[in-house]
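Asks: In UniProt numbering, the protein residues as written are 1 to 307.
All C-beta atoms, glycine included, are put in the ideal place defined by N, C-alpha and C.
1. Return helix, strand or coil for residue 109, following the three-state DSSP convention.
2. Does DSSP put residue 206 in a helix, a strand or coil?
3. Could you check what DSSP says for residue 166 in three-state terms: helix, strand or coil?
4. According to the neighbour-count rule (16 or more other Cβ atoms, all chains shown, within 10 Å of its Cβ), is residue 33 buried or exposed?
5. Less than 8 Å between the CB atoms is what I'm expecting for residue 196 and residue 234, so what's the real figure, rounded?
6. Would you report the Cα separation of residue 18 and residue 99, rounded to the nearest angstrom?
7. Out of curiosity, what's the CA-to-CA distance linking residue 162 and residue 273?
8. Are the beta-carbon atoms belonging to residue 279 and residue 249 less than 8 Å from one another?
9. Apart from the five residues on each side of it in sequence, which residues of its chain come closer than 6 Å, Cβ to Cβ, to residue 175?
10. Which same chain residues end up closer than 6 Å to residue 90 when comparing Cβ atoms and leaving out the 5 residues on each side of it in sequence?
11. Sorry if obvious, but does the Cβ on residue 189 come closer than 7 Å to a heavy atom of the ligand FAD?
12. Okay, do the stretch 6-26 and the stretch 66-81 touch, 3+ Cβ pairs below 8 Å being the bar?
13. Going residue by residue through the stretch 53-95, where are the continuous beta strand (DSSP E) segments of at least 3 residues, counting only ones entirely within it?
14. Just to confirm, are residue 1 and residue 21 a CB contact at a threshold of 8 Å?
15. Quick one: what's got a C-beta closer than 7 Å to residue 118's C-beta in the same chain, skipping five residues either side?
16. With DSSP collapsed to three states, give me the class of residue 301.
17. Taking 6 Å as the limit between beta carbons, can you name the residues of its chain near residue 210, skipping five residues before and five after?
18. May I ask you to report which of helix, strand or coil DSSP gives residue 255?
19. To the nearest angstrom, report how far apart residue 125 and residue 231 are at their CA atoms.
20. Can you check which of these residues, 61, 58, 82, is closest to residue 69 by C-alpha distance?
21. So residue 85 and residue 43 are supposed to be a Cβ contact under 8 Å. How far apart are they, rounded?
22. Please identify the residue among 129, 120, 173 whose C-alpha is closest to the C-alpha of residue 147.
23. Bridge partners for residue 265 per DSSP, in chain order?
24. What do you get for residue 305, buried or exposed, if any count of 16 or more other CB atoms within 10 angstroms of its CB means buried?
25. At the level of alpha carbons, what is the spacing between residue 25 and residue 294?
26. From residue 202 to residue 95, what distance separates their C-alpha atoms?
27. Given a threshold of 16 other Cβ atoms within 10 Å of its Cβ, counted over all protein chains shown, does residue 128 qualify as buried or as exposed?
28. Just how far apart, CA to CA, sit residue 221 and residue 72?
29. Look at residue 286 and residue 275 and say whether their C-beta atoms are less than 8 Å apart.
30. Just curious, the beta strand (DSSP E) that residue 131 is in, first and last residue?
Spelled out as structure tokens, the structure:
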């Protein structure tokens with residue numbers, strides 16, 4: 001792919017060098033750079049990718065994307081300066097891998113608790129109905145029945161788009177994905193097109209990273225703020241922040257609750273050691289799960305499956 005094609009998705013501050021060069025790969029880890037690659041320098045929480053620009057050039061990078069240009073520019077290398085490298089990396093990776101999320105029905109699940117349960121149950125439910133499905137979670141990633149080990153709740157933008165690209169190429173129709181507050185704040189999902197989003201709940205967690213509950217809430221809310229108009233947002237009314245999450249979204253908003261009037265209303269009819277008897281929108285179902293939190297998770301799965 002030509003560099004100038006990748007640059008159509010971002011807004012460079014300054015470009016020094018030839019844009020009409022062929023890019024054969026994109027990297028944020030200088031150790032993975034090969035000849036013809038675009039190296040994108042990100043400022044991380046532990047390290048600053050700008051420190052590895054010389055190493056990337058030495059390994060054959062023909063283009064460098066960065067927030068701060070090096071003092072010395074190497075001849076024959078194109079430098080792209082951007083205001084926000086985190087945002088640019090996601091969009092550049094999306095473009096390089098052919099915008100794979102637009103070829104899939106990608107549904108993100110965010111919240112403090114329940115992400116893994118809901119995403120995994122949706123994955124299993126849709127596979128049961130005969131669809132080819134992808135799963136991106138903390139436990140393991142799956143392309144249909146092929147397990148792919150995972151390192152983070154949400155992979156970095158390059159790994160994520162490469163994985164979504166494989167899912168699209170292998171015929172997946174739906175992909176269910178855990179979306180952590182870290183990945184939203186660090187713009188790891190920048191450039192992705194979501195068909196839907198689910199909010200579970202918000203409790204005091206990850207304050208070592210976000211510092212305040214307000215920052216944590218804003219990170220989660222941004223996921224729904226950025227949701228496209230033709231998508232859906234399914235939010236939990238039993239959490240006090242449920243409607244806050246969707247107050248500025250352009251998507252179609254739906255609600256679920258075990259307590260309040262909602263689009264998807266649930267009740268626990270019976271509960272014992274072997275499971276529960278539930279009522280979801282006047283449909284009774286027996287499940288081998290216990291606890292109201294699992295009833296809420298299952299209600300979210302029911303709502304998303306209907307949508």
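Replies: In short, the structure shows the following:
1. strand
2. A caution first: residue 206 carries a pLDDT of 49, below 50, which makes its placement in the model unreliable, though a value can still be read off. Residue 206 falls in the coil class under three-state DSSP.
3. helix
4. buried
5. 7 Å
6. 24 Å
7. 43 Å
8. no
9. 104, 106, 134, 167
10. 157, 187, 190, 191
11. Among the components of this structure there are no ligands whatsoever, and the ligand FAD is therefore not found.
12. yes
13. Segments of the beta strand (DSSP E) lying fully in the stretch 53-95: 63-66, 78-81.
14. Not in contact: residue 1 and residue 21 (Cβ atoms no closer than 8 Å).
15. 109, 198, 200, 297, 300, 301
16. It is helical.
17. At residue 210 the pLDDT is 47, less than 50, meaning the model places this residue with poor confidence; the figure from the coordinates comes in the next sentence. Only 216 meet the Cβ criterion.
18. Of the three classes helix, strand and coil, the one that applies to residue 255 here is strand, per DSSP.
19. Their Cα atoms are separated by approximately 20 Å.
20. 82
21. 7 Å
22. 120
23. Beta-bridge pairing links residue 265 to 257.
24. exposed
25. Computed Cα separation, rounded: 43 Å.
26. 33 Å
27. For residue 128, the number of other beta carbons within 10 angstroms of its own is below 16, and it is reported as exposed.
28. 41 Å
29. yes
30. Counting along the chain, residue 131 falls outside any beta strand (DSSP E), and DSSP gives it neither H nor E.
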